[in-house]
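Chemist: Numbering (our numbering), first residue to last: 577 to 1128.
A virtual CB, placed ideally from N, CA and C, is assigned to each residue, including glycine.
What you are looking at is a predicted structure, and each value in this text was computed from that prediction instead of being measured.
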Amino acid sequence: MSRNISKLSGRKGLKDNLFKRMIDTSSKTRNGKEIKQLAEEYHVGMSTIHGAESFYEFLRPEHKEKKAWICNGSACMCAGTQGKVREKLSKKLGKDKIGMMFCLGHCYETSSFHYNGHNYSGNDIDQIDEIIKGKKINSKKMYSKSFATKTILMGDDLSSIDQFKDLVSNVLKKDKKETLKTVTDSNLCGRGGAGFPTGMKWNFCSQQKVKKKYVVCNADEGDSGAFSDRYLLEEQPLKVILGMLVCAYIIGSDEGVLYIRGEYPKSIEIINGTINELKKANLLGKNILGTNFSCDMTICIGQGAYICGEESALIASIEGRRAEVDVRPPFPVVEGLYKKPTVVNNVETLAAIPCILKFGAKAFSSVGNTKSAGTKLVCLDSLFKKPGVYEIDMGTSMKKIIHEIGEGFVQPVKALQVGGPLGGVIPIKEVEKLNLDFQEFTKAGFMLGHGSVVSIPETFSMVRYIHHLFKFSSDESCGKCFPGRLGSYRGKEMFDQALNKSNKIPIKLLNELLVTMKKGCLCALCGAIPVPISNILKYFTHEFKDDINQGA
Ligand SMILES: Cc1cc2nc3c(=O)[nH]c(=O)nc-3n(C[C@H](O)[C@H](O)[C@H](O)COP(=O)(O)O)c2cc1C
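Shown next, in the form of structure tokens:
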């Protein structure tokens, strides 16, 4: 069934994208007549449109009735700033006009909220009267600095259209195989979490004997604590787009799409402007620089579903389907967007490409080790004395990152959650033993993931933190597999009851639930959430002694 919908949606493709049309029509008065028209135009059932639309938080009528949204991501929660934000917004706009958004990517300042198409954080809430009156507030920029021996992601090597033009014309003059070899030899592995070798992924896709192929930039950065993709989209947009263009050239694609989360309005605006500028300069579109290589780019705006970061759910979303995870194989490089071969890469993976080509594979591969090579962006939250996004050599000790780069904490912190809500929760003493290395983190029972760091203060209850994780997975599960859909909800219920003291945690049942989710879930959302929960149960047992029923 989903196969048919992909193909029907693919008849119009990205040029007249069904998901965009659903978003456009849902912002107008929506009635059965409009759904019927859309369904007829795309030759799909009305239930298909309605079913897809009802999946997305931002397309729901309840969402549209709100005026402001408070960030309920892990960093804002741990910093304890959101009570004041809620109180002030409720006073001004009314309690029932306030909604929630999961992580606005302002974890370096917290106190984050979204109002009228813009994100605010830090002291901005104190200017709420001016904000409501329409005054433009320039929120503090995120602090960014490179500590890398060879700056790849943060340098100004690609900050002008002329520099873009030079790099594109070099790539177009070279043999595709030579460029692919440079990417492969760099040992660049995907930065979106799974760590698949980028050169190998591009090679698989280039070998598909199909005329139509796609490049997708995964800019759905939903991990709480992460704002590195946001940094790249807003401060280094040319690097991200050039990475996509090089990929398109190598695999033989003429169309790319950036799936950017709706929670990042500034990123959408900047990428949109950059695409338009590049089109004007004939660096995107038909016959780029007079060659026979043509490639167009477009944007798809996410509608508030964390699962859309998972590549098969992301593809489903672009096609205008419910963003449910698909079973693999086939992998996207064989059957991806509209069932055509597709490379899906993370923003940071793509942004590394221009400087790898400029400085050579060795400049990247000689940093870190073979499997964890090059530099990586790491985000430190507001509980660090020096919060911000940093470019750091792979292999750097976490001790250095925490105490020298981040300059330690503003208050006592007992653990860090590294790699988003699915990453490990690691006591400070344990995390200090590790280096910035994907394999080292995995071997120790954690996950480096996208490299975000959320600090959990001494005073923050770990019972509450587990509740937060279960609530997150039950809110965000795509609902396709029942261990994920029911398991995360049952876990949340256990911790609801522990928090309101109506029942103790049935520890045997909880452990069985965690094993079932780990083994039985379709993807790493509900399948990996047991990792941080098990870490907390192991390292912070003392915090649970009054809340556990040992017999159940
Ligand atoms: C639940 C879940 C959420 C994910 N979220 C993201 C995300 O926000 N951004 C991202 O690039 N990859 C995310 N991924 C990984 C993607 O599925 C995919 O592996 C990645 O985009 C491939 O790009 P890369 O090879 O450049 O890493 C997520 C995976 C899972 C299971």
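Restricting to runs no shorter than 4 residues, where is the alpha helix (DSSP H) found entirely within the region 856–920?
Modeler: Qualifying alpha helix (DSSP H) stretches, in chain order: 887–894.
Chemist: I need the DSSP call for T946, collapsed to helix, strand or coil.
Modeler: Of the three classes helix, strand and coil, the one that applies to T946 here is coil, per DSSP.
Chemist: Can the beta-carbon of A795 be found closer than 7 Å to that of F631?
Modeler: No, these two residues do not count as a Cβ contact at 7 Å.
Chemist: Mind checking whether N1111 and V1001 have CB atoms under 7 Å apart?
Modeler: Closer than 7 Å, so yes.
Chemist: Can you find a heavy atom of ligand 1 that lies under 6 Å from the Cβ of D902?
Modeler: Not under cutoff, so the answer is no.
Chemist: Got a sec? Which residues, its chain only, sit under 6 Å from N763 by beta carbon, not counting five neighbours each side?
Modeler: Within the same chain, N763 has close Cβ partners S941, T946 and A949.
Chemist: Going straight from the alpha carbon of I968 to that of E924, what length do you get?
Modeler: If you take the alpha carbons of I968 and E924, they lie about 13 Å apart.
Chemist: Identify every residue that forms a DSSP beta bridge with C793.
Modeler: Its beta-bridge partners are L834 and N921.
Chemist: Which one or two residues does DSSP pair with Q993 in a beta bridge?
Modeler: Q993 is bridged to V1001 and V1030.
Chemist: Where DSSP assigns a beta bridge to M677, which residues make up the other side?
Modeler: Bridge partners of M677: C647.
Chemist: Would you check whether ligand 1 has a heavy atom nearer than 6 Å to the C-beta of E886?
Modeler: For ligand 1, at least one heavy atom lies less than 6 Å from the Cβ of E886.
Chemist: Can you have a look at A1128 and say buried or exposed, based on whether 16 or more other CB atoms are within 10 angstroms of its CB?
Modeler: Under this definition A1128 is an exposed residue.
Chemist: In angstroms with no decimal places, state the Cα-to-Cα distance between G693 and I894.
Modeler: Approximately 22 Å, taken between the alpha carbons.
Chemist: Can you list, in chain order, the residues of its chain with a C-beta nearer than 7 Å to that of Y882? Leave out the 5 residues immediately preceding and following it.
Modeler: Excluding residues within five positions, the ones whose Cβ falls inside 7 Å are F678, G798 and E1052.
Chemist: Write down the C-beta distance between L821 and K815 rounded to the nearest angstrom, noting that I regard them as a contact closer than 8 Å.
Modeler: Not a contact, Cβ separation roughly 11 Å.
Chemist: Can you round the beta-carbon distance between M1023 and V1107 to whole angstroms, since I take them to be within the 8 Å contact cut?
Modeler: Right, the Cβ-Cβ distance comes to about 7 Å (below 8 Å), so this counts as a contact.
Chemist: If distances are taken between C-alpha atoms only, which option among K788, L680 and K752 comes closest to K916?
Modeler: For the residues K788, L680 and K752, the minimum Cα distance to K916 belongs to K788.
Chemist: Using a Cβ cut-off of 7 Å (strictly closer), state whether C652 contacts chain D.
Modeler: Within the model displayed, chain D is absent; a lone protein chain is all it includes.
Chemist: Would you mind listing the beta strand (DSSP E) stretches within the region 662–728 that are 3+ residues and don't spill past its ends, in chain order?
Modeler: With a minimum length of 3 residues, the continuous beta strand (DSSP E) runs that stay inside the region 662–728 are 674–677, 689–691, 694–696 and 720–722.
Chemist: By DSSP, does Y1065 sit in helix, in strand, or in coil?
Modeler: It is helical.
Chemist: Does DSSP put E839 in a helix, in a strand, or in coil?
Modeler: DSSP places E839 in coil when its eight states are reduced to three.
Chemist: Scan the region 755–820 and note each continuous beta strand (DSSP E) run of 3 residues or more that stays entirely inside, going in chain order.
Modeler: Those beta strand (DSSP E) runs which fall completely within the region 755–820 and span 3+ residues are 790–795.
Chemist: Where does D969 fall in DSSP's three states?
Modeler: The answer is strand: DSSP assigns D969 an E or B state.
Chemist: With C1102 as the anchor, note down where its alpha helix (DSSP H) starts and where it stops.
Modeler: Start and end: A1100 to A1104.
Chemist: Using the rule of at least 16 other Cβ atoms within 10 Å of the residue's Cβ for burial, across every protein chain shown, is G1021 buried or exposed?
Modeler: G1021 should be labelled exposed.
Chemist: Compute the beta-carbon to beta-carbon distance between L860 and D872, rounded to the nearest angstrom, for a pair I have assumed lies under 8 Å.
Modeler: So it is a contact: roughly 6 Å between Cβ atoms.
Chemist: Bridge partners of T951, per DSSP?
Modeler: In DSSP, T951 forms a bridge with D969.
Chemist: Would the region 928–944 count as touching the region 722–733 if we require 3 or more Cβ pairs under 8 Å?
Modeler: Result yes; three or more Cβ-Cβ pairs closer than 8 Å.
Chemist: By the DSSP assignment, the alpha helix (DSSP H) with M1038 in it spans what residues?
Modeler: M1038 to E1052 is the extent of the alpha helix (DSSP H) around M1038.
Chemist: Please identify the residue among V1029, F1116 and N1087 whose C-alpha is closest to the C-alpha of G649.
Modeler: Looking at the Cα atoms, V1029 is the closest of the given residues.
Chemist: Let me make sure I understand the geometry here. Which of H626, G964 and E845 has the alpha-carbon closest to that of C876?
Modeler: When only C-alpha atoms are compared, the closest one is E845.
Chemist: Which residue comes first and which comes last in the alpha helix (DSSP H) that contains L584?
Modeler: First-last of the alpha helix (DSSP H) with L584: S578 to G586.
Chemist: According to DSSP, which residues form a beta bridge with G964?
Modeler: BP columns for G964 point to L956.
Chemist: State the start and end residues of the unbroken alpha helix (DSSP H) segment that holds A937.
Modeler: Segment A937 to S941, the alpha helix (DSSP H) holding A937.
Chemist: Measuring alpha carbon to alpha carbon, tell me which of D1122, E983 and G971 ends up nearest L956.
Modeler: With distances taken between Cα atoms, L956 lies closest to E983.
Chemist: For S585, count the other beta carbons within 10 Å of its own beta carbon; 16 or more makes it buried, fewer makes it exposed. Which is it?
Modeler: Classification of S585: buried, given that the 10 Å Cβ count is 16 or more.
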